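Visitor:
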Amino acid sequence: MKNKIPDLAEILFITSYPPRVCGIATYSHDLIKALNNKFSHSLSINVCALESGDADYRYCREVKYTLKTSLADGYLELAKKINNNNCIKLVLIQHEFGFFKVQEQSFQKFLNKLSKPVVIVFHTVLPNPNRHLKTKVQNIANACESVVVMTNNSMQLLADSYEVEKQKISVISHGTHLVPHLSKEFLKKKHGLIDRKVLTTFGLLSSGKSIETTLKALPAIIRTNPEVVFLIIGKTHPEVVKNEGEQYREELEAMVKEKKLTRHVKFINRFLPLPDLLEYLQLTDIYIFTTNDPNQAVSGTFVYAMSCGCPIISTPIPHAKEVLTTDTGIIFDFRNSRQLADGVIRLLNDEPLRRSISSNTLQKIVSTAWENSAVAHAMLFNKISGDISILYNLPVINLNHLKQMTTNTGIIQFSKVNQPDISSGYTLDDNARALIAMGMYFKLTGDENCLHYIKLYLSFIRLCLQPAGDFLNYLDQNNRFTDQNKTTNLDDANGRAIWALGYLVSAKDFLPAEIISEATSIIQQTIHHIERIHSTRAMAFAIKGLYYCHSATKSSETFNLIQTLAKRLVQMYKHESVVNWDWFEGYLTYANSILPEAMLYAWMLTGETIYKDIAKCSFSFLLSQTFNENGIEVISNKNWLQKGHIAGHYGEQPIDVAYTIMTLSKFYDEFLDKEFLVKMETAFNWFLGDNRLHQIIYNPCTGGCYDGLEETHVNLNQGAESTLSYLMARLTIEKYRKPQRKPCGQSLIQKSVNDVNYTAKCVIL
5 MKNKIPDLAE ILFITSYPPR VCGIATYSHD LIKALNNKFS HSLSINVCAL
55 ESGDADYRYC REVKYTLKTS LADGYLELAK KINNNNCIKL VLIQHEFGFF
105 KVQEQSFQKF LNKLSKPVVI VFHTVLPNPN RHLKTKVQNI ANACESVVVM
155 TNNSMQLLAD SYEVEKQKIS VISHGTHLVP HLSKEFLKKK HGLIDRKVLT
205 TFGLLSSGKS IETTLKALPA IIRTNPEVVF LIIGKTHPEV VKNEGEQYRE
255 ELEAMVKEKK LTRHVKFINR FLPLPDLLEY LQLTDIYIFT TNDPNQAVSG
305 TFVYAMSCGC PIISTPIPHA KEVLTTDTGI IFDFRNSRQL ADGVIRLLND
355 EPLRRSISSN TLQKIVSTAW ENSAVAHAML FNKISGDISI LYNLPVINLN
405 HLKQMTTNTG IIQFSKVNQP DISSGYTLDD NARALIAMGM YFKLTGDENC
455 LHYIKLYLSF IRLCLQPAGD FLNYLDQNNR FTDQNKTTNL DDANGRAIWA
505 LGYLVSAKDF LPAEIISEAT SIIQQTIHHI ERIHSTRAMA FAIKGLYYCH
555 SATKSSETFN LIQTLAKRLV QMYKHESVVN WDWFEGYLTY ANSILPEAML
605 YAWMLTGETI YKDIAKCSFS FLLSQTFNEN GIEVISNKNW LQKGHIAGHY
655 GEQPIDVAYT IMTLSKFYDE FLDKEFLVKM ETAFNWFLGD NRLHQIIYNP
705 CTGGCYDGLE ETHVNLNQGA ESTLSYLMAR LTIEKYRKPQ RKPCGQSLIQ
755 KSVNDVNYTA KCVIL
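Everything in the sequence shown is counted per the numbering used here, starting at 5 for the first residue and increasing by one.
1) Have a look at 442, 174, 304 and flag the residue whose alpha-carbon is nearest the alpha-carbon of residue 453.
2) So, for residue 464: in the same chain, excluding its five sequence neighbours on each side, which residues have a beta-carbon less than 6 Å away from its beta-carbon?
3) Would you please state the rounded distance, in angstroms, between the beta carbons of residue 246 and residue 273? I believe it to be under 8 Å.
4) What does the alpha-carbon distance come out to for the pair residue 423 and residue 409?
5) If you follow the alpha helix (DSSP H) that residue 344 is part of, which residue opens it and which one closes it?
6) Helix, strand or coil for residue 338, going by three-state DSSP, please let me know.
7) Does the segment 55-65 come close enough to the segment 117-135 that 3 or more CB-CB pairs lie under 8 Å?
8) Would residue 357 pass as a contact of residue 286 if the rule is Cβ separation under 7 Å?
9) Could you tell me which residues DSSP puts in a beta bridge with residue 475?
10) Go ahead and label residue 34 buried or exposed: buried means 16 or more other beta carbons lie within 10 angstroms of its beta carbon, across all protein chains shown.
11) List the endpoints of the continuous alpha helix (DSSP H) containing residue 308.
12) If you measure between the beta carbons of residue 622 and residue 644, is that distance less than 7 Å?
13) If we count the other Cβ atoms within 10 Å of its Cβ and call it buried at 16 or more, is residue 693 buried or exposed?
14) Figure out for me which residue from 230, 592, 260, 724 has the closest Cα to the Cα of residue 418.
15) Does the distance from the C-beta atom of residue 565 to that of residue 534 stay below 7 Å?
16) Can you check which of these residues, 282, 157, 220, is closest to residue 237 by C-alpha distance?
17) Within its chain, find whatever has a CB closer than 7 Å to the CB of residue 150; leave out the 5 residues flanking it on each side and keep chain order.
18) Can you tell me whether DSSP reads residue 769 as helix, strand or coil?
19) Is the distance from the Cβ of residue 421 to the Cβ of residue 185 below 7 Å?
20) If residue 656 sits next to residue 713, beta carbons under 8 Å apart, how far is it from one beta carbon to the other, in whole angstroms?
21) For residue 183, does the three-state DSSP call read helix, strand or coil?
22) If you reduce the DSSP assignment to three classes, tell me which class residue 234 lands in.
23) Could you check if residue 88 is buried or exposed, using at least 16 other CB atoms within 10 Å of its CB as the buried criterion?
24) Excluding the 5 residues flanking residue 211 on each side, which residues of the same chain have their C-beta closer than 7 Å to its C-beta?
25) Of the residues 407, 490, 369, 263, which one's Cα is nearest the Cα of residue 315?
26) Roughly how many angstroms lie between the CA atoms of residue 112 and residue 128, to the nearest whole one?
27) If I measure Cβ to Cβ from residue 754 and keep anything under 6 Å in the same chain, skipping five residues before and after, which residues do I get?
28) For residue 574, which of helix, strand or coil comes out of DSSP?
29) With distances taken from CA atoms, which of 345, 189, 563 is nearest residue 284?
30) Three-state secondary structure (DSSP) at residue 22?
31) So, do the segment 684-699 and the segment 633-648 have three or more beta carbon pairs nearer to each other than 8 Å?
32) Using a C-beta cutoff of 7 Å, does residue 170 count as contacting chain C?
33) Can you tell me the Cα-Cα spacing of residue 416 and residue 474, whole angstroms?
34) Do you know whose CA, among 526, 437, 491, lies nearest residue 467's CA?
35) By Cβ distance below 6 Å, which residues in the same chain neighbour residue 672 in space, the five residues on each side in sequence not counted?
36) Any contact of the segment 203-221 with the segment 248-267, i.e. 3+ C-beta pairs under 8 Å?
Set out below in C-alpha cells:
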C-alpha cells in the first residue's frame, strides 16, 4: 500500500490584489510569488481580494474570494466561509486603514468571529495616536495571534504608543527583488539615455509625492551637470484620477515648461512591468524619494531602488531614517529643494562616493530579498500554527553564473557581487571543481553543450601539469603562472585535480572517448607524483579520485596507491584521536568531510574493517561538531576549531556545506541510514535560508552562490568556489526526491491536470 501524500497547508491572504493598481496589491503579489517559489511543497496560498466601489476585476486563479469592503454583510459571510473551510490553517491580512474606513466595526467583528489563527500586517503605524485610534489598533491586535510591521520604528510605536504586547510583534522588512546587476552603460544605451546622468523616482503619482520639490531643485543641478535627466515613472493613482483627474500631472508638466526643463525631465506615464522597472532602476545614477507625509511608515519604492544599488536621496520618513545611513544615502528636509540640489550635486560630482554608496546599499538591503521575506513569513506561520510544517523547494539547476564566469581559458576565480573579476585570474582548484560539476550535470541531463565546458576545464588542468608530474595552481588574467605558486602549498590543488580527473575517467559510459583518453593520459603522467603528497586533505582528495579511476579500470598501481595514502591517514587518526576527539588532526578546518569519505572509499575498495571503523567514527564526530538544534553550522573560517576548545561561529563557507552533503550522500548509499538523508536535507536547506541568519546563500536570480555567511550578513560576492560548491551539492541531492504534497481537498490526478509541471516539482526526502 502506498503512503498517503499529506495535504498542503492553506494560507488565506486577505489583501488588495492585481489587477487592482495599488502598492499593497503589488506587495502581496510579490510576497505570494516568493512563498510559492520557495514553499509550494508545504504551503498553498490563496487570496481574498479586497475591492472598493464598483470595481469588477478579472483575477488569477489563486483568488478564491472577494470582499467589497464598503458592504457590511460581506464580512460575516466571509468569516463563515473561512471558519467552515478545514483546509485553511491561517489567515494573513494586509492592513491599511483606508481599506476598511467605511466599515471599521464590521472589520473588527470579522476579526473577532474568525476561528483560525490570524496574522495582520500593518502597513501604516501612525505616531501620537489619540484615544480612539489607540483603542482601534489595540482591538485589532488583540484579535490576532501575530502582528507584522516592516520597520523597527513601527514596532517601537506599536509597543510604546499603542501598548501592543511586544512578543506579539514581528518585524519583516518590505521585500526587494534580486537583480542581475547589468551594466549601466548597456542599459542606458538600450533605453536611449547614453551619456546622461539619470535621476529617477517612481510610483503611483499623487500630490503627496512632492515631485515639484525635485523640479524646483533641477535648475541648480543642471547648471553644474547639464547632462542630467529626471525620470518620473508611473501612472497617476487610480483614486486620484477618479477624484481629481490628471490635474497634478498637468501642474508638473506646466512647471517643466515654465522652468525650461523639457530636455531634462521625462514622464513615463504607465505602470511598467517589473523587469522594465528594474532595468530603469539599475541604470539610475541617483534615486530620489520625496513625500509630503512625515508619517509614511514604509516605502516600497526606495527599497526597490536600493536593491538595484541606487544611491538614495530621501525625505526623512521613519523608514528612510532607519535604512539610510551616511554610507548608504542622504536625507534632506521635507520640501527643501536647496538641500536636495546640494545632495544631488555632491553625489554626481563624486563618482567614487557614488560607487561606495551603491556597494554599501546592496549589502544593507540584501537581507530584505523577497526570498528572505518568504522564509521569515514561513517561519512565522510554522510558529503560530502547529498544522504547518515547512519544506523548501529545490531550485531549478541554473548554470548561468558558471558560464558567465568562464572565459576561453577557464573559470575565473572571484567576482565582485555577480560580475566576474578577471583581475583575480584562475586557479586549478576552481577549474577542477568546475570539471566535476559540469560532468555531474552532463551525466544528469545529457546536454551536449556541456562538452565544450568539460573540454575547456580539462584543458586548464593539462595547462597546469608540470614535467615532474605535479600541478601549478595560480594563473593570472594574461595566462601566466604567478609567483604565488612558489609561496603556497599546492598539495590540496593537486589532490583536487586527481579527484576531477578520476571522476571523468569513471564516466567512460557516458562521456566521449576523447575526453576519457585525455583525462587518463594526464593521470598517467601524474600518478608517480601522488605518493609524494602528504597534506591530509590532498591525500583524501587523491584517494577519492583514484577510487573513481579504479572503478573504471582495475589497476594494481592505483589499488596500492590508495592503500598507501589510506594507511597514512590511519596513522594520523591514531596519533590524534582521543576521547571526544575522533579526528585525524588536532583541529577542524575546511573541507573536513573529505577525510572520513576517503576512509569510506578505502574500505569499499579493500574491505579492511579498520577503514570502515575510522570512517564511521570520524564522520560521526564531525557531524556532532557541525549539526545542532539550529541545523548545520560548519566550522568557521575565522577561527578553526582546536582540540579541547569550543567551536566558533561566523564565517561559514559554502564549500564546507557542499562537501558535507556529498559525504552524507556516499554514506547513505553505502549504509542506508535515513539519518544521513535527514542531515543532507538540513544541510542543503542552509543554502536556501535555513541557516543562522535565515537568509538565502544561493541566489536564484543569477545562479550564483554568495561567498559566505558572516556574523551579521552574507558576503555578496559570488565567486567560483562558492558557486561550484552549491552546484555540486544541488546535483548530488537530485536523486533523493519525492513528489510534493497535494492541495487540500484535491486529488493527485486533479493536481496533475491543473499543473502540467507537477511531476517535475519534487523535494528531498
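Ideal Cβ positions, reconstructed from N, Cα and C, are used throughout, including at glycine.
All values reported here derive from a predicted model rather than from experimental measurement.
Guide: With the given structure in hand:
1) If we check each option's Cα against that of residue 453, 442 comes out closest.
2) These residues qualify, in order along the chain: 414, 435.
3) About 17 Å separates the two Cβ atoms, so there is no contact after all.
4) For residue 423 and residue 409, the gap between their C-alpha atoms comes out near 8 Å.
5) 341-352 is the span of the alpha helix (DSSP H), which, as asked, contains residue 344.
6) Note: residue 338 maps to coil in three-state DSSP.
7) Three or more Cβ pairs closer than 8 Å define a contact, and the segment 117-135 falls short of that threshold against the segment 55-65.
8) Taking 7 Å as the Cβ cut-off, residue 357 and residue 286 do not qualify as a contacting pair.
9) Residue 475 is bridged to 469.
10) Residue environment analysis places residue 34 among the buried positions, since at least 16 neighbouring C-beta atoms fall within 10 angstroms of its C-beta.
11) Looking at the DSSP string, the run of the alpha helix (DSSP H) that includes residue 308 is 304-311.
12) Not a contact, by the Cβ cut-off of 7 Å.
13) Around the Cβ of residue 693, a 10 Å sphere holds 16 or more other Cβ atoms; the residue is buried.
14) Looking at the Cα atoms, 724 is the closest of the given residues.
15) Against a cut-off of 7 Å, the Cβ pair of residue 534 and residue 565 comes out as a contact.
16) Looking at 282, 157, 220, the one whose alpha-carbon comes closest to that of residue 237 is 282.
17) Take residue 150, set aside five residues on each side of it, and the residues of its chain with a beta-carbon closer than 7 Å to its own are 123, 172, 174, 384, 388, in chain order.
18) Any answer about residue 769 is weak, because its pLDDT of 32 lies below 50 and its placement is not dependable; what the coordinates show is given next. Residue state for residue 769 is assigned as coil, using DSSP reduced to three classes.
19) Their beta carbons are under 7 Å apart, which means residue 421 touches residue 185 by this criterion.
20) Correct: roughly 4 Å between the Cβ atoms.
21) In the structure shown, residue 183 adopts coil according to DSSP, grouped into three states.
22) Strand, per DSSP.
23) Counting other Cβ atoms within 10 Å of its Cβ, residue 88 stays below 16 and is therefore classed as exposed.
24) Here the set comprises 252.
25) Taking only the C-alpha atoms, the option nearest residue 315 is 369.
26) One alpha carbon belongs to residue 112, the other to residue 128, and they sit about 17 Å apart.
27) Residue placement at residue 754 cannot be trusted, given a pLDDT of 37 that sits under 50; the coordinates are not used to answer.
28) Residue state, collapsed to three classes: helix.
29) Minimum Cα distance to residue 284 is reached at 189.
30) In this structure, residue 22 counts as coil in the three-state DSSP scheme.
31) Yes, since at least three Cβ pairs between the segment 684-699 and the segment 633-648 fall closer than 8 Å, the two stretches touch.
32) Absent here is chain C; the protein component of the structure consists of one chain.
33) Between residue 416 and residue 474, the C-alpha separation is close to 22 Å.
34) It is 526.
35) Correct list, in chain order: 680, 681.
36) In this structure the segment 203-221 touches the segment 248-267; the number of beta carbon pairs closer than 8 Å is three or more.
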